[in-house]
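Below is one structure, written out as structure tokens; the observations come after it.
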Amino acid sequence: MADHQTPDTSSSTGTSSSSQSQSVPSSASMDSAGTAATLPTQDAVDGMSDEEELKMSSWGRLFPLGIGFEKIDLEKDVNTFGRGTNNDICFEPRAFKKNPQYQAISTKHFKLYREFDADGTFNVFLTDLSSNGTFINGQKIGKNNTQPLNNNDEISLSLKKHKAYVFQNINQADQEFSLLPEDLKEKYVMSRFLGRGACGEVRLAFSRGSCKKFAVKIISKKTFSVGPRQAALRDEVEILKKLHHPCVIQIGDVFETAEVLYIFLELVEGGELFDRVVSVTRFEEPVAKLLFYQMLVAVKYLHDQGITHRDLKPENVLLSSEKNETLIKITDFGLSKVVGEQSLMKTLCGTPSYLAPEVLLTAGMGGYSKAVDLWSLGVIFLGGYPPFSEETKKHTLHEQIIKGIYSFPKAYWKSVSPEAIDLIKKLLTTDPQKRITVDGALQHPWISNDEKVIEKANQLMAAVNADMPPPSGPVPKKRHPSDEDDGPSPRRKRISTDIVESDSTTALS
């Protein structure tokens, strides 16, 4: 089987004078990772910085993706990698104490090399020499087989999910990112494409020195009404950077040119809630409650800071690990402050499945309260993916949302508690003035009566809080012009909602 892996117990003898070994990464030594730890000592060229000298001598770089791996600058035309000490790059055991997959790495695992053409250009190749496999972008190469290696390709060892490096062809990267702001290039190295959201593409980036990974949201100012708001934009970004919560993505540096905005974000590698729901079809109710409780806590934090998300959907709920009981992270909050509310809402109206009825009724041109986020949470809770669908012939997509047309098919909901269904109905109330608030949802019996789930969520959040740096200052509670009062107090009678049978719903919980 392709996913089966066995410890590689073959031995090697001898040590090459050109062999490079990886040292144990630590907070004290990471700033020098990939230089002294992975390169032979060289005398500096007069008048040239270490970075400039290294750039001239290196033709490629490997940036670390997995535990124990460090940045490698490629100077030699041929480089071998493995646990054996006769490799050009030797994976030492002490660097991989926290990586359980170390024993599956072969004594000589793969060879990475370049071949020159007649015009002086070169192509890069990778040959798999391992017992358990080497993968490029998730595709297994096969022992003794060779594949081209392109700029920003990912290399995995033993299993495709065990990512080790992302490769950077320095010449191609310099050409591709030549228009980046100089201050950005001095601090970060841009890498592979990760995805695309409502406001633009997202790329992987590494900080120079430490090789810490970031997600970079790249927003074109031409697409949104950013241009005339430069001073206000900087103020809004500073507010967003000061947000500090374990269930909210941390915003880092922000760079801009006349045409583009670059926002550096905390990178979360457990995937999107959307993909997790697709893979498992449905969560058990306790797992759904654990995830949903964290979403409510995160949204409450944002609302308390005067921020309405406006684009909550499973793609904007990230998971910290592949475990079911994992920390969630809300992302893409505050975009209306950065790109302009009307500009953002017009864009979102093109894909309205998670938008509240009041947004669609005004075609994205009205003022909205925080209640829009509670509707979106209800849609996420109800289906994991949109319960409102264009495939339903009886009603248009807009009619389904505006009238609150959804259902609870018995095939999915027969084992779900009445309390959970009651909370969903309160979230999917079409009248925003009657819709339950975030405080009301947190006080709902389905949430508040389950001390075990709340305790587990608090443990997950506390573990992250202990590692998070303190915010740079108090977050001003700045009200957004469209953040109106949420409506009545959560202490109210049961509210009825319009429930019309439909066949377009799949259960999340």
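In this text, residue positions in the sequence shown follow UniProt numbering: the first is 1, and each later residue adds one. Heads up, the beta-carbon is just placed ideally off N, CA and C, and yes, glycines get one too.
Handout entry: Where L273 falls: helix, strand or coil (DSSP)
Key = helix
Practice task
Find the nearest neighbour of L273 within the set E259, K329, N79, judged by alpha-carbon distance.
Solution key: K329
Exercise for the section: For the beta strand (DSSP E) holding Y113, just list the boundary residues, first then last. Expected result: 110-116
Handout entry: Buried versus exposed call for V280 [16 or more other C-beta atoms within 10 Å across all chains shown]
Key = exposed
Handout entry: Separation of D153 from S191, as counted between CA atoms
Key = 9 Å
Practice task
Specify the secondary structure class of K478 as computed by DSSP and reduced to three states.
Solution key: At K478 the pLDDT is 44, less than 50, meaning the model places this residue with poor confidence; the figure from the coordinates comes in the next sentence. In the structure shown, K478 sits in coil (DSSP, three-state: anything other than H, G, I, E or B).
Problem - For R282, the three-state DSSP class (helix, strand or coil) - result: coil
Practice task
With a 10 Å radius around its C-beta and 16 neighbouring C-beta atoms as the bar for buried, classify F81 as buried or exposed.
Solution key: buried
Problem - Secondary structure of V453, DSSP reduced to three states - result: helix
Handout entry: Identity of the residues DSSP links to L165 by a beta bridge
Key = First, the amino acid is wrong: residue 165 is Tyr here, not Leu. Answer by DSSP bridge pairing, in chain order: P64, I155.
Problem - Where the beta strand (DSSP E) containing residue 518 begins and where it ends - result: The requested residue 518 does not occur in the structure, where the chain is confined to residues 1 to 509.
Exercise for the section: Would you list, in sequence order, the uninterrupted alpha helix (DSSP H) runs of no fewer than 4 residues that lie entirely inside the region 374-422? Expected result: 397-403, 410-413
Problem - Sub-8 Å separation of E325 and S417 beta-carbons - result: no
Exercise for the section: May I ask you to report which of helix, strand or coil DSSP gives G262? Expected result: Residue identity check: residue 262 is Tyr in the sequence provided, not Gly. Y262: strand per DSSP, three-state reduction.
Handout entry: Reduced DSSP category for Q175 - H, G, I as helix; E, B as strand; rest coil
Key = helix
Practice task
Can you give me the start and stop residues for the beta strand (DSSP E) that residue 531 sits inside?
Solution key: Look at the range of the chain in this structure, 1 to 509, and you will see that residue 531 is not part of it.
Practice task
To the nearest angstrom, report how far apart L442 and G133 are at their CA atoms.
Solution key: 48 Å
Handout entry: Close beta carbons around L112, own chain, < 6 Å, minus the five adjacent residues each side
Key = N79, L126
Practice task
Taking the CB atoms as reference points, tell me whether L312 and L382 lie closer together than 8 Å.
Solution key: no
Handout entry: Cβ neighbours of Q172 in the same chain (closer than 6 Å, five flanking residues each side left out)
Key = N151
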